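S.K.: Once you've had a glance at the structure underneath, I'll fire off some questions.
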Amino acid sequence: MSKKRIVVLTGAGVSAESGIKTFRDSGGLWEEYDIMDVATPEAWERNRDLVMEFYNQRRKQLYEVEPNAAHYALAELEKDYDVRIITQNVDDLHERAGSTHVMHLHGELKKVRSSVDENLVYTLDGWELKPGDKCEKGSQLRPHIVWFGEPVHMIPAAAELSATADIYVIIGTSLNVYPAAGLVDYVRPGTPVYLIDPAEPGAIHIPKFTFIQEKAGTGTKKLVEEYL
Ligand code: APR
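Counting from -16, one number per residue, gives the positions in the sequence shown under the working numbering.
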């Protein structure tokens, strides 16, 4: 008998208890930095060093943090379910916890790519991308991150995957950013949907969902123990 498919959409909140800042909570990254200065193609053209430094600092932090109970609980679920993670996060904590199907909608901190050919993607050795680090075509390497205003190439695949879910779980995302937030529209009617977040959901237009008002670690544990 094939395993039921659980599709899990995660955001920065699933990594919060690992010590990685979210974006829009108080004290979040977008309080410290202006998105327009560090997370847009224009910022890259205008001030490459600042953009490189922003991602270098976040990449460096990856070497100092560990997956948390939520990441491990999701990896554990693979014993009994066909688990597919769709994450907006650019950290590698789902993979490090053992999840084997992780789709990174917004790119990956540990990867860099050519700034002239987006198909030339490399795993960065170490945490620091420097001016002068070039791709095989001789152009400056850039973070392999989807910046605001850039296309989210994985959306069609993520939408298709969302439509195959027998169970849909949303953890730690404010569902503020499209097209990622629109993935919930592809969930088949009647599919059980669970939302795990310590804060009341904002504009979430899913007709019916079970709200587990907890942090990711306790909430995912509760999901597994009480609902699955
Ligand atoms: N456990 C679970 N959820 C948490 C926790 C926690 N410990 N702490 C905070 N949260 C929740 C917040 O309540 C909020 O709903 O995590 C969510 C974080 O929302 P955002 O900071 O907006 O992060 P996210 O939704 O992932 O942002 C989406 O925006 O800036 C872009 O590309 C960036 O991928 C990011 C996208």
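Note that beta-carbon positions come from the ideal geometry of N, C-alpha and C, so glycine has one too. Since this is a predicted model, take the numbers as computed values, not measurements.
Cα separation between A58 and K113?
M.R.: One-based indexing of the sequence shown puts residue 58 at position 75. One-based indexing of the sequence shown puts residue 113 at position 130. In a straight line, the C-alpha of A58 is about 34 Å away from that of K113.
S.K.: Using the C-alpha atoms, what's the distance from L144 back to G(-6)?
M.R.: Taking the first residue of the sequence shown as position 1, residue -6 is located at position 11. Taking the first residue of the sequence shown as position 1, residue 144 is located at position 161. Taking the straight line joining both Cα atoms gives about 17 Å.
S.K.: Excluding the 5 residues flanking G132 on each side, which residues of the same chain have their C-beta closer than 7 Å to its C-beta?
M.R.: Within the sequence shown, residue 132 is the residue found at index 149, counting from 1. The residues are T23, P24.
S.K.: Less than 8 Å between the CB atoms is what I'm expecting for D74 and S157, so what's the real figure, rounded?
M.R.: Counted from its first residue, the sequence shown places residue 74 at position 91. Counted from its first residue, the sequence shown places residue 157 at position 174. Not really, about 17 Å apart at Cβ, beyond 8 Å.
S.K.: Short of 6 Å in beta carbon distance, which residues of its chain neighbour Y38, apart from the five on each side in sequence? Order them along the chain.
M.R.: As a working note, residue 38 is residue 55 in the sequence shown. P126, listed in sequence order.
S.K.: Let me check you understand the geometry: is the CB of K261 closer than 7 Å to at least one non-hydrogen atom of ligand 1?
M.R.: Since the first residue shown for the chain is -16 and the last is 211, residue 261 is missing from the structure and cannot be characterised.
S.K.: In terms of residue numbering, what span does the beta strand (DSSP E) encompassing L124 cover?
M.R.: Locating residue 124 in the sequence shown gives position 141, where the first residue counts as 1. L124 -> beta strand (DSSP E) spans 124 to 128.
S.K.: Under 7 Å: does the beta carbon of Q71 sit that close to some heavy atom of ligand 3?
M.R.: Looking at this structure, you won't find ligand 3 anywhere; what it does contain is ligand 1.
S.K.: In whole angstroms, give me the CA-to-CA distance for N30 and K43.
M.R.: Counting from 1 along the sequence shown, the entry for residue 30 is found at position 47. Counting from 1 along the sequence shown, the entry for residue 43 is found at position 60. Their Cα atoms are separated by approximately 20 Å.
S.K.: Using only CA atoms, which one of H77, Y210, D100, E28 lies nearest to C118?
M.R.: On the sequence shown, residue 118 is found 135 positions in, with the first residue counted as 1. The shortest Cα separation from C118 among H77, Y210, D100, E28 belongs to D100.
S.K.: Please say whether L206 and I195 have beta carbons closer to each other than 8 Å?
M.R.: As a working mapping, residue 195 is identified with position 212 in the sequence shown. As a working mapping, residue 206 is identified with position 223 in the sequence shown. Yes, Cβ-Cβ distance for I195 and L206 is below 8 Å.
S.K.: Looking only at its chain, what residues have a beta carbon closer than 6 Å to the beta carbon of I150, apart from the 5 residues adjacent to it on each side?
M.R.: As a position in the sequence shown, residue 150 is number 167, starting the count at 1. Excluding residues within five positions, the ones whose Cβ falls inside 6 Å are I(-11), P175.
S.K.: Taking Cβ to Cβ, would you say G(-4) is nearer than 8 Å to I154?
M.R.: Translated into positions along the sequence shown, residue -4 becomes position 13. Translated into positions along the sequence shown, residue 154 becomes position 171. Yes; because the gap between Cβ atoms is below 8 Å, this pair is in contact.
S.K.: Opposite L(-8) in the DSSP bridges: which residues?
M.R.: In the sequence shown, counting from the first residue as 1, residue -8 sits at position 9. Paired residues: I69, I153.
S.K.: Count the other CB atoms within 10 Å of the CB of E91; is the residue buried (16 or more) or exposed (fewer)?
M.R.: As a first step, residue 91 is located in the sequence shown; it is residue number 108 there, counting from the start. Buried.
S.K.: To the nearest angstrom, how far is it from the Cα of D63 to the Cα of H54?
M.R.: Residue 63 sits at position 80 when you count from the first residue of the sequence shown. Residue 54 sits at position 71 when you count from the first residue of the sequence shown. If I take the Cα positions, the gap works out to 16 Å.
S.K.: Comparing C-alpha positions only, which one of K(-14), T106, E0 sits nearest to D180?
M.R.: Residue mapping note: residue 180 aligns to position 197 of the sequence shown, counting from 1. With distances taken between Cα atoms, D180 lies closest to E0.
S.K.: Could you have a look at G185 and say whether DSSP puts it in helix, strand or coil?
M.R.: Against the sequence shown, residue 185 aligns to sequence position 202. DSSP places G185 in coil when its eight states are reduced to three.
S.K.: Please report how far the alpha carbon of V104 lies from the alpha carbon of L45, in whole angstroms.
M.R.: Reading the sequence shown from its first residue, position 121 is the one you call residue 104. Reading the sequence shown from its first residue, position 62 is the one you call residue 45. About 19 Å.
S.K.: Using 8 Å as the threshold, is the C-beta distance between L124 and V85 below it?
M.R.: Here residue 124 is taken as the residue at index 141 of the sequence shown, counted from 1. Here residue 85 is taken as the residue at index 102 of the sequence shown, counted from 1. No, they are not a contact pair.
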